[in-house]
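**Q** Below are the structure tokens for one structure; questions will follow.
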Amino acid sequence: MSNSDKIVQQVSVFLENKSGRLAEVCSTLGDNGINIRALSVADTSDFGILRLIVDVPDRATELLQQAGFSVGATSVIALEVPDRPGGLAAVLKTLQAGEVNVEYMYAFVGTHGGEAVVIFRVADEVLDHTIELLQNAQIPILPASEVYAL
Amino acid sequence: MIWDPKHECMDIEERRALQLRRLREQVARLWVNVPFYRQKWEAAGVTPDDLQSLDDLRRFPFTEKDDLRKTYPFGMFATPLEEVVRIHASSGTTGKPIVVGYCKSDVTDIWAETIARTICCGGGTSQDILHNAYGYGLFTGGLGVHYGGELLGCTVVPMSAGNTQRQLMMMCDLGATILASTPSYALTIADAAEEMGLGPDDIPLKAGLFGAEPWSEGSRQVVEEKLGISAHDIYGLTEIIGPGVAAECEVKGMMHVFDDHFLPEIIDPETGEVLPDGETGELVFTTLTKRAFPVIRFRTRDITSLTHEPCPCGRTHARIARITGRTDDMLIIRGVNVFPSQIEDVLTSFAEIEPQYQLVLTRKGRLDQLEVQVEVAPRFFSDTIGGLEQLEQRITEKLYSTLGISVTVRLVEPKTIERSIGKAKRIIDLREEE
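Here the protein sequences line up with chains A and B, keeping their order. Residue 141 in our numbering sits at position 96 of the first sequence, and the numbers go up by one each step. Residue 691 in our numbering sits at position 347 of the second sequence, and the numbers go up by one each step.
Given below as structure tokens:
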């Protein structure tokens, strides 16, 4: 597996906090047959950021931009995390030991082969370092191709 | 009381003759003394001899604010510096201010006189204690009002602005009867009085002279009620002389222009054509008597209308209506001049946002609030809340260092700010009335 397949392209959308905007994003994607695999929302009182994992990120970015949204592509890593108490803690411990700061993370709703799937965002500059850390710690990284098809 | 009945209640035809005589003298002087004017007039094909009637003035070109900037600091002075006894400057926030000068006779024979007239318009006499809360310094308000007050014979208390509780203490202890300040500061004083438990009966004031920024009838009512005074609108601008250009008498609603010194015209701001009485347009002034820093047909950019109808008070001066706006889009926020173009300059230096923006002005309590709405670029850079908040912070800081006032920056989605054909509507001013 090449390093590029270890990096998942997340679609990030800027949203003002006003009613109907989230629905508009979802229907723009739905109308075009794009499936949302995972999502998270971060917000303040004025605006929010919607983060999406979809099956075809490039197409989704293009469609949302056409629909007038501010859209960015963000590199994230998807990890298989043992679905048991302490599973996530072990992963975070590894990252902490390697001095990698997690900007944000969120979990997939479903599982992969019985394991939980968690999306991690770290700064682009430490992305390769993080992948190496995780591999050395034998924490399974889910290939992007599999994440999109989940 | 009318300070100078001879000039203030002069027969209109007699005044017109005086105006023409003074105008011809002034123009002839400038033709010799100020190369800027001579060049401008030569280019327009006019000479002082063309001034056979007041109407001939319209053949002369306008003087713009920009002309005064380009000739900074002394290029427009019409007397040698050794004759200049005072300098004042406009409150420009960036770049060079406009510097104006006064020779001795400008201060004593014109400015102090027109301020004395102004105070009398507000019902003042030599018996009054004048609490002057206009800022003293380069700003024309403080010193301008000061010397006129002394000329009239008032007891002038040179408070300058700030330390509001102390102002109220002094006012009450000294028995101040007239307050001179900006209207927004008068509102602050009125609020502070209320907080200190001082009602209209506790405050000795009977009148207020408020100018140097636009204000509303709503504000007038508030200060009149809270301070128990009669509030008068006064008008002036640094380029003409400072305060003392026009003032409201007891017949409220319009201001007497002291037009034996300052000749007003109303023009169509688009075509430059002179408009008849009653029509609204841009106010233009020619100083007939000032020596150190005269201006011919200076475009004030203030929007109002003019009337020559006699006033019941007996003064025969032309009168202007309350200033309703400005021809350019300069904003006055908390007393600071702000041009949307300055904001635009800052915003365009950020790649993360679009050059589209909108300014929303509101008034929170007595304070003007400016919200700058900017669109995030279609492809945005940071997808963390911290990153976006940092962006807002960086824009806010840069705006603060450019404008000198703090504003709220609000990120909005692309294409949400209305696009217009031609001139964009950048400003939503919700301050009009409280």
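Glycine included, every Cβ here is placed at the ideal spot set by N, Cα and C.
1. With DSSP collapsed to three states, give me the class of residue 708(B).
2. In the stretch 98-117 of chain A, which residues sit with their C-beta less than 9 Å from some C-beta in chain B, listed in chain order?
3. From 373(B), 692(B), 658(B) and 667(B), pick the residue whose C-alpha is nearest to that of residue 346(B); which is it?
4. Identify every run of the beta strand (DSSP E) within the stretch 105-157 of chain A, keeping only runs that are complete inside it and at least 3 residues long; order them along the chain.
5. Taking the alpha-carbon positions, what's the residue 437(B) to residue 746(B) distance?
6. Show which residues of chain B have a CB atom less than 8 Å away from the CB atom of residue 96(A).
7. Just verifying my parser: in three-state terms, what is the DSSP assignment at residue 437(B)?
8. Could you give the DSSP three-state label for residue 661(B): helix, strand or coil?
9. Flag residue 182(A) as yes if its beta-carbon sits less than 8 Å from any beta-carbon of chain C, otherwise no.
10. Tell me which residue opens and which closes the beta strand (DSSP E) that residue 773(B) is part of.
11. Name the one or two DSSP bridge partners that residue 96(A) has.
12. Select from the stretch 742-764 of chain B all residues with a C-beta closer than 9 Å to any C-beta belonging to chain A, and list them in chain order.
13. Closer than 7 Å by C-beta to residue 614(B): which residues in its own chain qualify, once you throw out the five before and the five after it? Chain order, please.
14. Am I right that residue 576(B) and residue 553(B) are in contact with their C-beta atoms under 8 Å? What's the rounded C-beta distance?
15. Going by DSSP, what residue range makes up the alpha helix (DSSP H) through residue 551(B)?
16. Take residue 415(B) and list the residues in its own chain whose beta-carbon comes closer than 7 Å to its own, dropping the five residues that flank it on each side.
17. Might you give, ordered along the chain, the residues of its own chain that have their beta carbon closer than 6 Å to the beta carbon of residue 579(B), omitting 5 neighbours on each side?
18. What number of angstroms, rounded off, separates the C-alpha of residue 726(B) from the C-alpha of residue 84(A)?
19. Below 7 Å CB to CB, which residues in the same chain sit around residue 102(A) once its five sequence neighbours on both sides are set aside?
20. Within the 8 Å Cβ cut-off, does residue 723(B) reach chain A?
21. Can you find a CB in chain B that lies within less than 8 Å of the CB of residue 73(A)?
22. Kindly list the residues whose CB is nearer than 8 Å to the CB of residue 354(B), restricted to its own chain and excluding five residues on each side of it in sequence; keep chain order.
23. Would you tell me roughly how many angstroms separate the C-alpha atoms of residue 511(B) and residue 484(B), rounded to the nearest one?
24. Taking 8 Å as the CB-CB limit, is residue 59(A) close to chain B?
25. Contact defined as beta carbons within less than 8 Å: I believe residue 689(B) pairs with residue 652(B). What is the distance between those atoms, to the nearest angstrom?
26. Short check: CB of residue 714(B) to CB of residue 772(B), under 8 Å?
27. Sorted by chain position, which residues of the same chain lie with C-beta nearer than 8 Å to residue 90(A)'s C-beta, five sequence neighbours on each side aside?
28. Assign residue 700(B) to one of two classes, buried (16 or more other C-beta atoms within 10 Å of its C-beta) or exposed (fewer than that).
29. Classify residue 599(B) as helix, strand or coil using the three-state DSSP reduction.
**A** Quick look at the numbers:
1. The residue you call residue 708(B) lines up with position 364 of the second sequence. In this structure, residue 708(B) counts as strand in the three-state DSSP scheme.
2. Residues 106, 110, 113, 114, 115, 116 and 117.
3. As a working mapping, residue 346(B) is identified with position 2 in the second sequence. Measuring from the Cα of residue 346(B), the nearest candidate turns out to be 658(B).
4. List check, beta strand (DSSP E) in window: 115-126 and 147-157.
5. As a first step, residue 437(B) is located in the second sequence; it is residue number 93 there, counting from the start. As a first step, residue 746(B) is located in the second sequence; it is residue number 402 there, counting from the start. Only weak support exists for where residue 437(B) lies, its pLDDT of 46 falling under 50; the value from the coordinates is given anyway. Rounded to the nearest whole angstrom, the C-alpha separation of residue 437(B) and residue 746(B) is 8 Å.
6. Stepping through the first sequence from its first residue, residue 96(A) is reached at position 51. Those are 727, listed as they occur along chain B.
7. Residue 437(B) sits at position 93 when you count from the first residue of the second sequence. Caution is warranted here: a pLDDT of 46 is assigned to residue 437(B), below 50, making its placement in the model unreliable, and no coordinate value can be reported.
8. Within the second sequence, the letter at position 317 stands for residue 661(B). Coil, per DSSP.
9. Considering every chain present, this structure includes no chain C. Its protein chains are A and B.
10. Within the second sequence, numbered from 1, the residue matching residue 773(B) stands at position 429. Per DSSP, residue 773(B) is one residue of the beta strand (DSSP E) stretching across 771-773.
11. The count along the first sequence starts at 1 and reaches residue 96(A) at position 51. In the DSSP secondary-structure assignment, residue 96(A) is bridged to 57(A) and 85(A).
12. Flagged, chain order: 754, 755, 756, 757, 758, 759 and 760.
13. As a working mapping, residue 614(B) is identified with position 270 in the second sequence. Cβ neighbours of residue 614(B) beyond the five flanking positions: none.
14. Here the question's residue 576(B) lines up with position 232 in the second sequence. Here the question's residue 553(B) lines up with position 209 in the second sequence. The Cβ separation is near 5 Å, so the contact holds.
15. Translated into the one-based positions of the second sequence, residue 551(B) becomes position 207. That residue, residue 551(B), is in no alpha helix (DSSP H); its beta strand (DSSP E) goes 551-555.
16. Walking along the second sequence from the start, residue 415(B) turns up at place 71. Around residue 415(B), the same chain offers 380 as residues with beta carbons nearer than 7 Å, after the five sequence neighbours per side are excluded.
17. What you label residue 579(B) is simply residue 235 of the second sequence in a count that begins at 1. Excluding the 5 residues flanking it on each side, residue 579(B) has same chain C-beta neighbours closer than 6 Å at 555, 589, 590 and 599, in chain order.
18. As a working mapping, residue 726(B) is identified with position 382 in the second sequence. As a working mapping, residue 84(A) is identified with position 39 in the first sequence. The alpha-carbon atoms of residue 726(B) and residue 84(A) are separated by roughly 17 Å.
19. By 1-based counting over the first sequence, the position of residue 102(A) is 57. The answer, listed in chain order, is 54, 56 and 118.
20. To locate residue 723(B), count along the second sequence from 1; it is residue 379. Chain A contact via Cβ: present.
21. By one-based count along the first sequence, residue 73(A) stands at place 28. Any Cβ of chain B closer than 8 Å to the Cβ of residue 73(A) would place that residue at the interface, and such an atom is absent.
22. Position 10 of the second sequence, counted from the start, is the residue given in the question as residue 354(B). These residues qualify, in order along the chain: 362, 604 and 660.
23. Looking up residue 511(B) in the second sequence gives position 167. Looking up residue 484(B) in the second sequence gives position 140. Here the alpha carbon of residue 511(B) sits roughly 20 Å from the alpha carbon of residue 484(B).
24. Against the first sequence, residue 59(A) aligns to sequence position 14. Flagged as an interface residue toward chain B: residue 59(A), by a C-beta distance shorter than 8 Å.
25. As a position in the second sequence, residue 689(B) is number 345, starting the count at 1. As a position in the second sequence, residue 652(B) is number 308, starting the count at 1. Beta-carbon to beta-carbon, residue 689(B) and residue 652(B) are separated by about 43 Å, too far to satisfy the 8 Å threshold.
26. Here the question's residue 714(B) lines up with position 370 in the second sequence. Here the question's residue 772(B) lines up with position 428 in the second sequence. No.
27. The residue given as residue 90(A) occupies position 45 in the first sequence. Hits under 8 Å: 62.
28. For the purposes of this step, residue 700(B) is identified with residue 356 of the second sequence, where counting begins at 1. Residue 700(B) counts as buried, since at least 16 other C-beta atoms from the protein chains shown sit within 10 angstroms of its C-beta.
29. Counting from 1 along the second sequence, the entry for residue 599(B) is found at position 255. In the structure shown, residue 599(B) sits in a strand (DSSP, three-state: E or B).
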